[in-house]
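Position one of the sequence shown corresponds to residue 1 (the UniProt record's numbering), numbered consecutively onward.
Virtual Cβ for every residue (Gly too), placed ideally from N, Cα, C.
On a predicted model such as this, the values are computed, not experimentally measured, just so you know.
Heads up, the thing below is written out as structure tokens.
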Amino acid sequence: MKDIVVIGAGAIGMASAFRLAKEGHNVTIVDPVAPGSKASSHNAGWVVPTMSEPVPAPGVLTKAMKWLWKKDSPLYISPSADWRFYTFLLRMLQHTSSKHYAAGTETLIQLSKETFSTFDEFVAEGVEVDLDFATMRTLFKDTSGMDARLDELTHFADNFPGLSYRRMDDAELRTYQPALSKDVQGGIESRGDAHLDPAKFTAALYKACQEAGVEFVASRAWLRDRGSGKARVIVDGSFIDPDHVVVAAGAWTGEVLQQLGQRISLQAGKGYGFDFPVEEGWLTDTLYMTDAKVVATPMGDHVVVAGTMGFSGIDESLDHVRAGGILKGVRSFFPEWPVNEYDLEPWQGMRPMTPDGLPHIGALRKFPNVVVATGHAMQGISLAPRTAQLVSGVIAGETMPDWMGKIHPERFTWLG
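Below, the structure written as structure tokens:
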């Protein structure tokens, strides 16, 4: 049995803590905020191995330049006084090439292959997970985008046997949803992915962790070098010398590691969303409105509508104009959607982003007892149990697959 401190009580941190505790380790989670809050509970809840694609994609630069000066655009970048922010953006730009994108996709496929089997393991161990394998519909205003997505799905079908998909023609789309904008040119109906309610999932993780004996400490953790390549944790003035430290603090992971003089290439990407009441005939299916970069997920008594990607550092303020761009995007697909009947406050979440779109998972070279688990972008919920499996393997000293070198947290220099 090992003593392990996990810094971060989000989906990744709690999933890792739960797995380690079930393996017999003594686990403590330290986080100043409530377990499962922030981006872990405020997201679209998609569990989507067939979207195993890096965020930096070919063509994204062209779209970014077109959107950059719009106050309600799906993508925005705010100026920063931190030169590392611009190094990060340059690295991300480099990874928009077709070569990098293809390589990144293959790595994410390897990472995602055991997504559902690791969820099944959590269920077998007592985590209350309610995965909804509903049909997903992806809508396009541009048929070239639809053709490209169909090509991707053909490749994904070779790696994810449960995937099925088909093209929807214009007539079928109008039958499915008469209120669709005439600008919508086509759609894809697919099965094989799932979604869940992230707030319920993180609450279930919290409960399961408690039942497994994980201790939760509502405080901030500080890391210090205790010598011999090991890190010490300081909590409320008390020194803890654990066998291992797992840093899974989401977008704040970089700040935590800087306490040890360690840097990883990580930036926060802000997303916005709204929780709408269910109304018959509107957004009752899992939808991805591609051109608007907006998703809709039905979750029982409400529908989550989410989108945007903002690079502005860690800034948890609400920009109502920016959030309103999501509603504008939905209206571009469903012009008669009665959005004005609602007076809802948006929520926001800080996603941990990396320059190549791959997560950071692995032990630090200078401090091998520190394991990093962050950088999952919009896949944190989807990859939480799988990441926990990998974190457990690293701590156990198992021989890890070769592709994990491509997601090592120190694959970029400290300049990034």
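- In the DSSP assignment, Q348 falls within the beta strand (DSSP E) that extends over W347 to M353.
- Assignment of M1 by DSSP, reduced to helix, strand and coil, places it in the coil class.
- Note that the C-beta distance between S16 and V30 is not below 7 angstroms.
- One thing to note: A292 has its Cβ no nearer than 7 angstroms to the Cβ of V305.
- Residue pairing for K230: DSSP places it in a beta bridge opposite G227.
- The shortest C-alpha to C-alpha distance from H302 to any of G313, R322, F239 and T286 is the one to T286.
- Its chain contains H195 as the residues whose beta carbon lies nearer than 6 angstroms to that of W46, once the 5 sequence neighbours on both sides are disregarded; these appear in chain order.
- The beta carbon of P359 is closer than 6 angstroms to those of G375, H376 and I407 in its chain, skipping five residues each way along the sequence.
- Looking only at D82, F85, V60 and R149, the smallest Cα-Cα distance to P74 is reached by V60.
- In this structure A248 is in contact with G8, their Cβ atoms being roughly 4 angstroms apart against a cut-off of 8 angstroms.
- W337 and Y288 have their C-alpha atoms roughly 16 angstroms apart.
- CA-CA distance, M1 to P355, rounds to 36 angstroms.
- Between the alpha carbons of A212 and L163 lies a distance of about 34 angstroms.
- For Q210, there is no enclosing beta strand (DSSP E); the residue is part of the alpha helix (DSSP H) that begins and ends at P198 to E211.
- The Cβ atoms of D197 and M353 lie no closer than 7 angstroms to each other.
- In the three-state reduction of the DSSP assignment, F412 falls in the coil class.
- Restricted to the region 102-190, the beta strand (DSSP E) segments that are unbroken, complete and at least 3 residues in length are 136-140 and 164-168, listed in chain order.
- By the neighbour-count definition (other C-beta atoms within 10 Å, threshold 16), W83 is an exposed residue.
- A direct Cα-Cα distance of roughly 6 angstroms separates V321 from D72.
- If you ignore the 5 residues before and after E125, its C-beta comes within less than 6 angstroms of the C-beta of K22, all in its own chain and listed in chain order.
- The Cβ-Cβ distance between L260 and A218 does not fall below 7 angstroms.
- Rounded to whole angstroms, the separation of the alpha carbons of G229 and D243 is 11 angstroms.
- N26 is bridged by DSSP to D3.
- In the structure shown, I314 adopts coil according to DSSP, grouped into three states.
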